[in-house]
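The sequence shown begins at 7 in UniProt numbering and counts up by one.
The beta carbon of each residue, even a glycine, is placed where N, CA and C say it ideally should be.
Just so it is clear, the structure is predicted and the values come from calculations on it, not from any experiment.
Before any comments, here is the structure.
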Amino acid sequence: LWNFLKEKFKESLSKVSYDTWIESANPIRITENNIIIEVPSSLHKEYWENNLATRIVENIYEYSSREISPLFVIKNEQENSNHNGRQQSQTLIQKNSFRKDIQLNDKYTFDTFVIGKGNQMAHAAALVVAEEPGTIYNPLFFYGGVGLGKTHLMHAIGHQMLLLDPDAKVKYVSSETFANDFINSIQNKTQEKFRNEYRSVDLLLVDDIQFFADKEGTQEEFFHTFNALYDDRKQIVLTSDRLPNEIPKLQERLISRFAWGLSVDITPPDLETRIAILRKKANAERLEIPDDTLSYIAGQIDSNIRELEGALVRVQAFAAIENRDITTSLAADALKSMLPSNKPNILSILDIQNVVSKYYQISLTDLKGKKRVKAIVLPRQIAMFLSRELTANSLPKIGAEFGGKDHTTVIHAYEKINRAITKDYQLKQDIEEIKNKLN
Ligand code: ADP
Ligand code: MG
Numbered sequence: 007l008w009n010f011l012k013e014k015f016k017e018s019l020s021k022v023s024y025d026t027w028i029e030s031a032n033p034i035r036i037t038e039n040n041i042i043i044e045v046p047s048s049l050h051k052e053y054w055e056n057n058l059a060t061r062i063v064e065n066i067y068e069y070s071s072r073e074i075s076p077l078f079v080i081k082n083e084q085e086n087s088n089h090n091g092r093q094q095s096q097t098l099i100q101k102n103s104f105r106k107d108i109q110l111n112d113k114y115t116f117d118t119f120v121i122g123k124g125n126q127m128a129h130a131a132a133l134v135v136a137e138e139p140g141t142i143y144n145p146l147f148f149y150g151g152v153g154l155g156k157t158h159l160m161h162a163i164g165h166q167m168l169l170l171d172p173d174a175k176v177k178y179v180s181s182e183t184f185a186n187d188f189i190n191s192i193q194n195k196t197q198e199k200f201r202n203e204y205r206s207v208d209l210l211l212v213d214d215i216q217f218f219a220d221k222e223g224t225q226e227e228f229f230h231t232f233n234a235l236y237d238d239r240k241q242i243v244l245t246s247d248r249l250p251n252e253i254p255k256l257q258e259r260l261i262s263r264f265a266w267g268l269s270v271d272i273t274p275p276d277l278e279t280r281i282a283i284l285r286k287k288a289n290a291e292r293l294e295i296p297d298d299t300l301s302y303i304a305g306q307i308d309s310n311i312r313e314l315e316g317a318l319v320r321v322q323a324f325a326a327i328e329n330r331d332i333t334t335s336l337a338a339d340a341l342k343s344m345l346p347s348n349k350p351n352i353l354s355i356l357d358i359q360n361v362v363s364k365y366y367q368i369s370l371t372d373l374k375g376k377k378r379v380k381a382i383v384l385p386r387q388i389a390m391f392l393s394r395e396l397t398a399n400s401l402p403k404i405g406a407e408f409g410g411k412d413h414t415t416v417i418h419a420y421e422k423i424n425r426a427i428t429k430d431y432q433l434k435q436d437i438e439e440i441k442n443k444l445n
């Protein structure tokens, strides 16, 4: 049935659409009235529900004269809420490319990790630990903001160690899972089993230990787990969003033990690294994206890598919906709708004019005026560019706010700057600075 449905979609959709929506979906189960289809994200789910669901019903009817309607589930949510129905969860886990036993994501390897200024130390330490576990940096502690690759590196260590020694016992848990396992073991009187499980591993990866804050009993238990592993020269790797001594209510003795090894921070990636990451992801997804578009996206999203990936998914989805090739202007359109939700405080054109005129030390009157000297024209165009990019005002409205200029002048300014920033690094930096000031 699924192949039949796929063929039907192949006939009626463009190739990009087909690759984006259909290839990424998987049928999970069929019941009397429903077919359960797994899709990768909420964006996919929405698209299926709005655009493809009725066709499924029609096509299934054509195939089997039965009335079956589709239900969509999002991949990871499905996996989490899947404690009932073991068989189902097992096939799901395989599909999700998790190693069932150790919960490592297949995508988080050293191969897929892009090295840049913000993470090279962490990357180097991770490699050392994977190759010489338990001897040099124990524990290894990564700290840094969300979405910067801590979890990725941690999984990479696990994969690498298994590659070198397939019999190694690797265990990855979030700090919450550790806490839950511990509490369950008390309730079910299976503490013995809990301890055996955690203390017999060669590599223990505990993610996001800032959530140990306030959990007295769990900290106590973790202290003993730590000691047992450490004494056995087993490798421990921990992550947190901050340094151990900045975690509220983390016991002194844990803090001091964590300091026995190496702590490395991961900082946000610079522009080059962001571009490299996007390029790698685009290649992995077999997406054809011009270089200037990759730089554009990397320039828009400068905080964290998870958002960077989100932007790429969005651009891809947008291209599929609109049946267009991926270009810089398409990316701009796709990401524009992301901006308002990112920036709850609404910027006005005047805010932008004020900041830009101050930044270039010219008067507001000149900025809005008609003088054609370069020292004024460029800031004016930048201000127009930013007004277009960061506010929801129409082009004529922006023109009006700049001393009554025509909307084609605004478009011209926007396109000129948009092109210039892909080549002129200094200009790009300046604009980033102005954006920071606007925040
Ligand atoms: P954290 O645990 O620090 O919040 P993650 O490890 O979950 O961040 O990373 C968020 C996303 O960004 C993941 O999909 C990860 O694969 C990706 N990512 C992070 N750093 C890199 C990198 N250096 N190269 C490639 N992908 C990365
Ligand atoms: Mg993480």
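Contact test: residue i Cβ vs ligand 2 heavy atom, cutoff 7 Å
{"i": "Thr-157", "result": "yes"}
{"i": "Asp-213", "result": "yes"}
Beta-carbon proximity of residue i to residue j, cut-off 8 Å
{"i": "residue 5", "j": "Ile-215", "result": "Not covered by the structure: residue 5. The range shown for the chain is 7 to 445."}
{"i": "Gln-387", "j": "Ile-437", "result": "no"}
{"i": "Ile-417", "j": "Ile-355", "result": "no"}
{"i": "Pro-274", "j": "Thr-333", "result": "no"}
{"i": "Leu-370", "j": "Ile-382", "result": "no"}
{"i": "Ile-311", "j": "Gly-150", "result": "no"}
{"i": "Tyr-204", "j": "Thr-231", "result": "yes"}
{"i": "Ile-74", "j": "Asn-125", "result": "no"}
{"i": "residue 462", "j": "Leu-77", "result": "Because the chain spans 7 through 445 in this model, residue 462 falls outside it and cannot be assessed."}
{"i": "residue 447", "j": "Ile-358", "result": "What is shown of the chain runs 7 to 445, which leaves residue 447 out entirely."}
{"i": "Lys-123", "j": "Asp-276", "result": "yes"}
{"i": "His-129", "j": "Ile-142", "result": "no"}
{"i": "Met-167", "j": "Pro-145", "result": "no"}
{"i": "Ile-66", "j": "Leu-7", "result": "yes"}
{"i": "Leu-284", "j": "Leu-300", "result": "yes"}
{"i": "Ile-165", "j": "Leu-235", "result": "Reading the sequence as shown, one finds His at residue 165 and not Ile. No; because the gap between Cβ atoms is not below 8 Å, this pair is not in contact."}
{"i": "Leu-384", "j": "Leu-444", "result": "no"}
{"i": "Ser-181", "j": "Phe-217", "result": "yes"}
{"i": "Lys-380", "j": "Thr-118", "result": "no"}
{"i": "Ala-325", "j": "Asp-331", "result": "yes"}
{"i": "Ala-162", "j": "Ala-131", "result": "no"}
{"i": "Asp-208", "j": "Thr-157", "result": "no"}
{"i": "His-50", "j": "Ser-18", "result": "no"}
{"i": "Gly-410", "j": "Gly-375", "result": "no"}
Residue i CB to nearest heavy atom of ligand 1 below 7 Å
{"i": "Leu-154", "result": "yes"}
{"i": "residue 1", "result": "In the structure as shown, the chain begins at 7 and stops at 445. Residue 1 is therefore absent and cannot be evaluated."}
{"i": "Lys-375", "result": "The sequence shown places Gly at residue 375, not Lys. Because no heavy atom of ligand 1 lies under 7 Å away, the Cβ of Gly-375 does not count as near it: no."}
{"i": "Leu-118", "result": "Going by the sequence as given, residue 118 is Thr instead of Leu. Flag set: Cβ of Thr-118 near ligand 1."}
{"i": "Ile-253", "result": "no"}
{"i": "His-311", "result": "Note on residue identity: the sequence assigns Ile, not His, to residue 311. Under cutoff, so the answer is yes."}
{"i": "Gly-164", "result": "no"}
{"i": "Gly-316", "result": "no"}
{"i": "Gly-305", "result": "no"}
{"i": "Ile-283", "result": "yes"}
{"i": "Tyr-114", "result": "yes"}
{"i": "Lys-286", "result": "yes"}
{"i": "Gly-223", "result": "no"}
{"i": "Gly-150", "result": "yes"}
Residue i versus the options, residue with shortest Cα-Cα distance
{"i": "Gln-322", "options": "Lys-12, Ser-23, Glu-252", "result": "Ser-23"}
{"i": "Lys-342", "options": "Ile-440, Glu-198, Ala-398", "result": "Ala-398"}
{"i": "Arg-292", "options": "Lys-14, Lys-21, Leu-210, Glu-13", "result": "Lys-21"}
{"i": "Val-391", "options": "Phe-147, Lys-376, Lys-434", "result": "One detail in the question is off: residue 391 reads as Phe in this sequence, not Val. Here the closest residue by C-alpha is Lys-434."}
{"i": "Val-135", "options": "Ser-335, Arg-330, Leu-210", "result": "Leu-210"}
{"i": "Asn-329", "options": "Gln-197, Asp-25, Tyr-67, Phe-10", "result": "Asp-25"}
{"i": "residue 3", "options": "Gln-225, Glu-226, Ser-246", "result": "This structure leaves residue 3 out entirely; the chain is present only between 7 and 445."}
{"i": "Leu-260", "options": "Ala-219, Lys-287, Lys-240", "result": "Ala-219"}
{"i": "Tyr-366", "options": "Arg-72, Glu-439, Leu-146", "result": "Glu-439"}
{"i": "Gln-46", "options": "Lys-411, Val-79, Leu-154", "result": "Position check: residue 46 holds Pro in this sequence, whereas Gln was assumed. When only C-alpha atoms are compared, the closest one is Val-79."}
{"i": "Lys-81", "options": "Phe-147, Lys-199, Ser-48, Asn-57", "result": "Ser-48"}
{"i": "Ser-206", "options": "Ile-36, Lys-240, Ala-419", "result": "Lys-240"}
{"i": "Glu-13", "options": "Arg-35, Tyr-69, Asn-56, Ile-34", "result": "Tyr-69"}
{"i": "Leu-58", "options": "Asn-202, Lys-16, Phe-148", "result": "Lys-16"}
Residue i beta carbon near ligand 3 (any heavy atom closer than 7 Å)
{"i": "Phe-232", "result": "Ligand 3 is not part of this structure, which contains only ligand 1 and ligand 2."}
Closer than 8 Å to chain C by CB, residue i
{"i": "Glu-138", "result": "Of the chains in the structure shown, none is chain C; there is only one protein chain."}
Could you tell me whether the segment 272-286 touches the segment 296-313, using the rule of 3 or more Cβ pairs below 8 Å?
Yes, they touch.
Examine the Cβ distances between the segment 165-176 and the segment 257-274 and report whether three or more of them are shorter than 8 Å.
With the cut-off at 8 Å, the segment 165-176 and the segment 257-274 do not touch.
At a cut of 8 Å, does the segment 249-259 reach the segment 224-237 through at least three beta carbon pairs?
Put simply, the segment 249-259 touches the segment 224-237. At least three CB pairs are less than 8 Å apart.
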